[in-house]
Every structure is written in structure tokens, then in C-alpha cells.
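Visitor: Throughout the sequence shown, residue numbering follows the working numbering, covering 745 to 1021 in sequence. Beta carbons are placed, not taken as given, at the ideal position from N, Cα and C, and that holds for glycine. If you scroll down you'll find the structure; I have some questions about it.
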Amino acid sequence: MQPLSGVRVLDLSRILAGPHAAQTLSDLGAEVLKLEAPWGDDTRSWGPPFQPGFDGKDVASYFLACNRGKRIETVNIKQEQARIRSLIAEVDIVIENFKPGTFDSVVGDVPPGVILCSISGYGQNGPRRDEVAFDLTMQARSGIMSITGDADGNPAKVGVAWIDVMTGMNAVNSILAALYHREKTGKGARIDISLWDTALASLVNQGHNALAGVTPQRMGSAHPNLVPYRVFEASDGWFAIGVGTENQWHALVKALGLTAPDHWKDNSARIAERAEV
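Have a look at this one:
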């Protein structure tokens, strides 16, 4: 039996963050019903490439990547509120990413035992709650693009919709915590997940470097706090070396048959002499 067997999820979300969260819950054993607008999830047309979908019709690979394991039905949220409320009364979890306030105004309150996870750009409250947000704009505004790319190049985004995916993972973590809380108390929860909070949290060490007075810079594949930790070009292609401990440094020097200054055993010394290393 899978961990979430018997748990029922209503997926009212579209694009990536919400659908990815619902798909992960499905992977863990939950029964997921995805309700799409009559014109379908936007990502159905985000191609090429296109592949045969779950119904045999061609659909963008993008859509297939985040909607595995779901039963999919069509609904018009403006005309079928009663149907949606009826479905909500039968599930444990609801995931939605409408514009903040839309769910409350159209659907209304949910039963006290239901876990409602709302995903948006900037959260359900605050001065930016009504602003449209995409993964790209989140990577740009949060500073992630300013530290991604070659040192002498332009700002670059991560190769996948990283903030969307991370937001989906944060949603799953919060939903699992809410399920555990409900197991103990019998009470549901209202979860507010935003791309903006996720983007800032994902800065981790670089965010703290900035707070310590060190402004993060683009470094290509290099690491701001470890040396060597990057890709190198050889005669037959590219390869990566990552050293995180003193023992790994000594092992690398030995494996390459090199000699190195004794003080390079300290990572801080290697950072100070990054180019020489």
C-alpha cells in the first residue's frame, strides 16, 4: 500500500506548480481528479514536441510531464459551482491557483476537514497579490538570474521552470504536514504558497552571503563557497569536479598525480586563490 492510499485530491490548478504538486501526491498513492476549463490546461498547447496523451490525442509533452496519474474531467467554474462544491465535499485536499480571491468568491468556504492549498505569485494577501507572475519573472525579480550564467555574460534563467517546480514541492510538503495535523486534530487547513516566497527561500547560501556583505555574482558553473567546484573543458569534452571536504581535496590531488601548496588543504585558501587552483 502506498503512503497516501485512500487520500482524495481535487486539482483545480493549471500550468506547472499546482499540477506538479498534485502529480506528486498521485505518485504517493493519492486519488487525483483534475478539473480543466472547457478549453483545457494552457500547457496542452505548449509545444512542440507533441505526443499522444492519456486520451490518445496529441498533447504537448509539457502537459504530460506534470499531469501523470490523474483522472481528468472538464468543468466551467463560472457555471458549475454546485458541482465543484459537491466534489470538494468528497475530497481531503483541494489545490487551486486561481487569481487570489477568485476561489473564495466563486466557490466559497470549504468543509472544516478539507485541506485547501492555494498557489499564487505573491500570496493571497499583500500589495502585490493581484500581480501576474511567471517562473521567468520570479527568477528575474528575486535575483536568481543575476547569479546564473557566465561571469561576463547576460543574466540567464535556470534551464527548467525551477521556481514553479520548487513551489510545487513546497506545496506537497505543506499538504503532508497538514494531513498529519488533521490526523491529530481532525481539522483541515488553509495553505498559502507563493512563487515569490519560494524564489527568495531558494537563494539559500547566496541569500545569506548577501546578508553577510558579499554580493553574489554570476560565476558560470563555479561555486561561491567551494573551490574547485565547476566544470572544466578537456580535449574530448567537458567534465565536472566538486570538492567539499579536505579529505576530498587530498584524494583529488592524489588521483591526478599533482602536487599542491599545503595551505590549499583549507577551502578558504583555495577560494582566495581561485584562479591559481
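Near Asp879, which residues of its chain fall below 6 Å by C-beta distance, leaving aside the five closest residues on each side in sequence?
Guide: So the qualifying residues of the chain are Ala905, Ile907, Asp908.
Visitor: What residue range does the alpha helix (DSSP H) around Phe847 cover?
Guide: 846–850
Visitor: Return the Cβ separation of Val987 and Pro1005 in integer angstroms, given the expectation that the two are a contact with Cβ distance under 8 Å.
Guide: Not a contact, Cβ separation roughly 15 Å.
Visitor: Would you identify the three-state DSSP class for Ile839, choosing helix, strand or coil?
Guide: strand
Visitor: Going by DSSP in three states, Pro856 sits in which element: helix, strand or coil?
Guide: coil
Visitor: Check whether the Cβ atoms of Leu831 and Leu923 lie closer than 8 Å to each other.
Guide: no
Visitor: Could you tell me which of Ile935, Asp785, Ala765, His952 sits nearest to Val858, measuring between CA atoms?
Guide: Ile935
Visitor: Between Pro968 and Tyr866, what straight-line distance do the alpha-carbon atoms span, to the nearest angstrom?
Guide: 29 Å
Visitor: Can you tell me which residues form a DSSP beta bridge with Phe983?
Guide: Phe976
Visitor: When you compare only the Cα positions, how much space is there between Arg1018 and Ser1012?
Guide: Near 10 Å, if we compare the C-alpha coordinates of Ser1012 and Arg1018.
Visitor: Report the three-state DSSP secondary structure of Phe807 (helix, strand or coil).
Guide: helix
Visitor: Can you tell which of Thr942, Lys928, Gly893 has its C-alpha closest to the C-alpha of Val975?
Guide: Gly893
Visitor: Looking at C-alpha atoms only, which residue of Gly912, Cys861, Met889, Ser890 is the closest neighbour of Val835?
Guide: Cys861
Visitor: Tell me the DSSP bridge mates of Arg934?
Guide: Leu860
Visitor: Helix, strand or coil for Glu1020 per DSSP?
Guide: coil
Visitor: Could you check the C-alpha separation between Gln825 and Arg758 for me, to the nearest Å?
Guide: 18 Å
Visitor: Comparing the CB of Leu760 with every heavy atom of the ligand GTP, is any distance shorter than 7 Å?
Guide: With respect to the ligand GTP, the structure shown offers nothing to examine, as it has no ligands at all.
Visitor: Short check: CB of Met863 to CB of Ala999, under 8 Å?
Guide: At residue 863 the sequence reads Ile, which differs from the Met that was named. Their beta carbons are not under 8 Å apart, which means Ile863 does not touch Ala999 by this criterion.
Visitor: For Pro796 and Arg815, what's the separation of their Cα atoms in angstroms?
Guide: 16 Å
Visitor: In whole angstroms, give me the CA-to-CA distance for Gly981 and Lys801.
Guide: 40 Å
Visitor: Figure out for me which residue from Lys928, Pro747, Ala995 has the closest Cα to the Cα of Glu775.
Guide: Pro747
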